[in-house]
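Our numbering numbers the first residue of the sequence shown as 160 and each following residue consecutively.
For glycine and all other residues, C-beta sits at the position ideal for the given N, C-alpha and C.
The structure displayed is predicted, hence computed values, not measured ones.
A short write-up of the structure that comes next.
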Amino acid sequence: MPTRRELEMHEMWCGADTSGEPVWHVLTTDRTTTLCGVEREDEDSRRRHATDRHCFPCMKSFQAVMEASR
Ligand SMILES: [Zn+2]
Numbered sequence: 160m161p162t163r164r165e166l167e168m169h170e171m172w173c174g175a176d177t178s179g180e181p182v183w184h185v186l187t188t189d190r191t192t193t194l195c196g197v198e199r200e201d202e203d204s205r206r207r208h209a210t211d212r213h214c215f216p217c218m219k220s221f222q223a224v225m226e227a228s229r
């Protein structure tokens, strides 16, 4: 898992995964899309903080970004 300091560069966004379950995605640095390619929607307050699951494709991409910047 990435460290807290690394995560500060990328904002997290709680959206839905492909099956509609809430997950935490990692946003790109321009904060319009997620690392797994989902377009960011308006904040859904019901969904917010509703999960501690993380989007697996986002985490994989995020780790690749971190390794590339090392
Ligand atoms: Zn994602």
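Thr188: which of Met171, Lys219, Phe215 and Ala175 sits nearest, CA to CA?
As a first step, residue 188 must be located in the sequence shown, where it is residue number 29. Closest option to Thr188, Cα to Cα, is Met171.
Give me the Cα-Cα distance between Leu186 and His169, rounded to the nearest whole angstrom.
Counting from 1 along the sequence shown, the entry for residue 186 is found at position 27. Counting from 1 along the sequence shown, the entry for residue 169 is found at position 10. The straight-line gap from Cα to Cα measures roughly 6 Å.
Please return the same chain residues whose Cβ sits closer than 7 Å to the Cβ of Phe221, not counting the five positions on each side in sequence.
On the sequence shown, position 62 is the one that residue 221 refers to. Excluding residues within five positions, the ones whose Cβ falls inside 7 Å are Pro161, His169, Val185 and Leu194.
Exposed or buried, what is Gly174 when buried is set at 16 or more other beta-carbons lying within 10 Å of its beta-carbon?
Stepping through the sequence shown from its first residue, residue 174 is reached at position 15. Counting Cβ neighbours within 10 Å, Gly174 comes out buried, since at least 16 surround it.
May I ask you to check if the CB of Thr193 is nearer than 7 Å to at least one heavy atom of ligand 1?
Along the sequence shown, one-based indexing puts residue 193 at 34. Yes, ligand 1 has a heavy atom inside 7 Å of this Cβ.
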